[in-house]
Every structure is written in C-alpha cells, then in structure tokens.
Amino acid sequence: MPYTYSSLSQLKFLPPLLPVGASYAIWSGIGIVVITLIGMILFKHIPDTAVVIGMLLIFAGVIINVFSKMDTH
18 MPYTYSSLSQ LKFLPPLLPV GASYAIWSGI GIVVITLIGM ILFKHIPDTA
68 VVIGMLLIFA GVIINVFSKM DTH
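If you read the sequence shown in the numbering used here, its first letter stands for residue 18, the second for the next number, and so on.
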C-alpha cells in the first residue's frame with residue numbers, strides 16, 4: 018500500500034510535461050503489462066491469444082495517446 022501512494026504521488030509532476038490523459042494511459046498501460054509479465058514469470062501463467070492482442074492494443078493506445086497533438090496547460 019505505501020508503494021501505491023508514493024507512486025501515485027509521482028504522477029503530480031507529469032502534467033507540465035504530458036496531458037493528464039496521456040499520463041494516466043501510460044500509467045495504466047505499464048501497470049497492466051507489468052502485472053501480466055509478473056504473472057507469467059512467477060506463476061507460470063501462459064497468456065492466451067486474447068490477452069496478447071489486448072496487451073498489444075493497450076501498447077498501441079498508449080503510443081497514439083502520447084503522440085497526439087493535445088496541448089499541456
């Protein structure tokens with residue numbers, strides 16, 4: 018739980034650099050992919066095709082969001 022608060026508190030430094038939507042998309046996307054990889058390594062879970070496609074779509078969405086033309090405040 019302390020890691021959650023410390024990591025979320027670091028998000029407050031991103032709005033000058035990235036829009037909030039992009040920051041949240043990156044944060045969520047990285048979290049989903051990392052948790053899936055941890056499950057694969059520690060618990061020997063094998064992702065099926067739907068999971069792999071979903072992770073690729075998340076990755077593509079984050080990339081599209083980061084390179085969008087939204088202005089920061």
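Just so it is clear, CB atoms sit at the ideal spot from N, CA and C, and this is done for glycine as well.
Going by other Cβ atoms of all chains shown within 10 Å of its Cβ, with 16 needed for buried, is PRO42 buried or exposed?
-> This sequence places Ala at residue 42; Pro is not what is there. Result: buried.
Grab me the residues of LEU12's own chain with a C-beta within less than 8 Å of its C-beta, minus the 5 sequence neighbours each way, in chain order.
-> With the chain covering only 18 through 90, there is no way to say anything about residue 12.
Proximity of VAL69 and GLY46 at Cβ, strictly below 8 Å = no
Three-state secondary structure (DSSP) at SER40?
-> helix
What is the DSSP secondary structure of ILE52, reduced to helix, strand or coil?
-> For ILE52, the three-state secondary structure derived from DSSP is helix.
So the alpha helix (DSSP H) PHE76 belongs to, where does it begin and stop?
-> 66 to 83
Buried or exposed: where does ALA67 fall if 16 or more other Cβ atoms within 10 Å of its Cβ makes it buried?
-> exposed
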